[in-house]
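J.: Heads up, the sequence shown is in the working numbering, so the first residue is 218 and it goes up one at a time.
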Amino acid sequence: MSRVCELTGKKAMVGNNVSHAMNKTKRKFDANLVKKRFYIPEEDKWVTLKVSTSALKTINKIGISAALKQAKAKGFIK
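1. How about the segment 238-246 and the segment 274-293: do they share at least three Cβ pairs that are nearer than 8 angstroms?
2. For Lys-227, count the other beta carbons within 10 Å of its own beta carbon; 16 or more makes it buried, fewer makes it exposed. Which is it?
3. Bridge partners for Leu-266 per DSSP, in chain order?
4. What would DSSP say about Lys-241, mapped onto helix, strand or coil?
5. If we ignore side chains and look at the alpha-carbon of each, how far apart do Ala-283 and Cys-222 end up?
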């Protein structure tokens with residue numbers, strides 16, 4: 218399974234490791250993802266989502282229902 222946030226679409230970035238001598242080698246910056254269960258009261262069920270920690274902060278701020286609605290509007294959830 219790919220390491221992509223299911224609510225925001227965040228995924229790995231590509232960059233460089235830079236040594237003291239300024240040698241550059243390619244590396245990958247992974248998204249900070251957490252597997253978390255959420256209760257959705259409208260549907261009366263639990264769902265497990267792989268979300269980034271910034272998406273967790275958004276869920277804490279606006280609620281899971283509003284966060285899911287935003288993700289559907291942006292096309293991250295069908």
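All C-beta atoms in this analysis are idealised placements derived from N, C-alpha and C, irrespective of residue type, glycine included.
T.: This is what the structure gives:
1. Pairwise C-beta distances place the segment 238-246 out of contact with the segment 274-293, as fewer than three of them are shorter than 8 angstroms.
2. Burial check for Lys-227: the Cβ neighbour count within 10 Å reaches 16 or more, so the residue is buried.
3. Per DSSP, Lys-253.
4. Secondary structure of Lys-241 (DSSP, three-state): strand.
5. Cα to Cα, the separation comes out at about 16 angstroms.
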